[in-house]
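For reference, the structure discussed in these notes is given below.
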Amino acid sequence: MPSPPLRKGVRQSPMSDQFRDQLVALLPRLRRFARGIAGTAAEADDLVQAACERALARQHQFQEGTRFDSWMYRIVQTIWIDSMRSRTTRKEDGEIDAERFGSDEPVRHVEARLALEEVQRAISRLPAEQRSVLMLVTVDGLSYKEAAEIAQVPVGTIMSRLARARVALAAILESGGGLRGSRTDA
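Our numbering puts the sequence shown at residues 50 to 235.
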């Protein structure tokens with residue numbers, strides 16, 4: 050049976066199929082990374098969608114033989130940095146929305162959710178560079194070298210940022226700075 054004719058102006062190539070397959074396989078990791086740096090699931094979904102749109106539009110810029118995941122992480126990070134800059138310019142409040150409380154889940158699930166939210170709030174208080182490195186290395190499990198390639202900085206900078214992020218995160222959590230009411234509104 051012959052293959053269906055291609056629409057006029059649409060090119061189909063093995064690279065396009067490979068590109069699509071890599072992108073689809075990477076989506077869960079991209080979403081996890083985006084959730085870590087953005088703070089909310091909704092913002093993370095928007096971030097991943099924007100990154101996918103940009104990657105598809107600039108597919109020709111991907112260099113064969115390089116790491117696809119590093120390229121995509123860099124796109125997500127760049128879009129997030131751009132959105133943070135525009136929020137600062139427009140003076141938007143980037144506070145994390147309170148997620149669903151009061152479910153019928155067992156107590157241990159509620160406590161785990163509250164602890165996770167406390168950690169997420171504490172992470173959101175870290176500087177952007179530290180937060181990004183923390184997500185790449187501790188959440189996504191990338192090596193220092195891989196994180197350095199994504200962030201386009203030396204490996205030593207990654208190690209330093211990660212060490213400072215861990216110390217700062219521990220200090221914030223010890224002081225109760227991850228708790229809901231601890232943020233001061235000006």
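Positions of the beta carbon are idealized from the N, C-alpha and C atoms, including for glycine.
For the putative contact between residue i and residue j, defined by C-beta atoms under 8 Å, what is the C-beta separation to the nearest angstrom?
{"i": "M121", "j": "L79", "result": "6 Å"}
{"i": "R123", "j": "I199", "result": "5 Å"}
Have a look at residue i and residue j and give me their C-alpha separation to the nearest angstrom.
{"i": "S117", "j": "A217", "result": "Per the sequence shown, residue 117 should be read as Phe rather than Ser. C-alpha separation (whole angstroms): 31 Å."}
{"i": "L75", "j": "V97", "result": "11 Å"}
{"i": "A104", "j": "F68", "result": "10 Å"}
{"i": "Q108", "j": "S65", "result": "8 Å"}
{"i": "I207", "j": "K194", "result": "8 Å"}
{"i": "D94", "j": "R81", "result": "10 Å"}
{"i": "E102", "j": "V186", "result": "25 Å"}
{"i": "G190", "j": "Q112", "result": "24 Å"}
{"i": "E160", "j": "R170", "result": "15 Å"}
{"i": "P203", "j": "S119", "result": "15 Å"}
{"i": "S224", "j": "T138", "result": "31 Å"}
{"i": "I128", "j": "V188", "result": "20 Å"}
With a threshold of 16 other CB atoms inside 10 Å of the CB of residue i, please say whether the residue is buried or exposed.
{"i": "S135", "result": "exposed"}
Figure out for me which residue from the options has the closest Cα to the Cα of residue i.
{"i": "I86", "options": "L211, R213, Q179 and E198", "result": "Q179"}
{"i": "A35", "options": "Q126, E113 and E102", "result": "Residue 35 falls outside the range modelled here, since the chain spans only 50 to 235, and no answer is possible."}
{"i": "D131", "options": "E113, A100 and T115", "result": "A100"}
{"i": "S181", "options": "S209, Q71 and R107", "result": "S209"}
{"i": "Q71", "options": "T115, R170, G205 and D189", "result": "T115"}
{"i": "A214", "options": "A177, S192, E167 and Q201", "result": "A177"}
{"i": "E167", "options": "A219, V188, A106 and E92", "result": "A219"}
Apart from the five residues on each side of it in sequence, which residues of its chain come closer than 7 Å, Cβ to Cβ, to residue i?
{"i": "L163", "result": "none"}
{"i": "M240", "result": "With the chain represented from 50 up to 235, any question about residue 240 goes unanswered, as that position is not in the structure."}
If you drop the 5 nearest sequence neighbours on each side, which residues of the same chain put their C-beta closer than 6 Å to that of residue i?
{"i": "L211", "result": "V182 and V186"}
{"i": "Q110", "result": "none"}
Which residues in the same chain have their Cβ closer than 8 Å to the Cβ of residue i, if we skip the five residues on either side of it in sequence?
{"i": "G205", "result": "none"}
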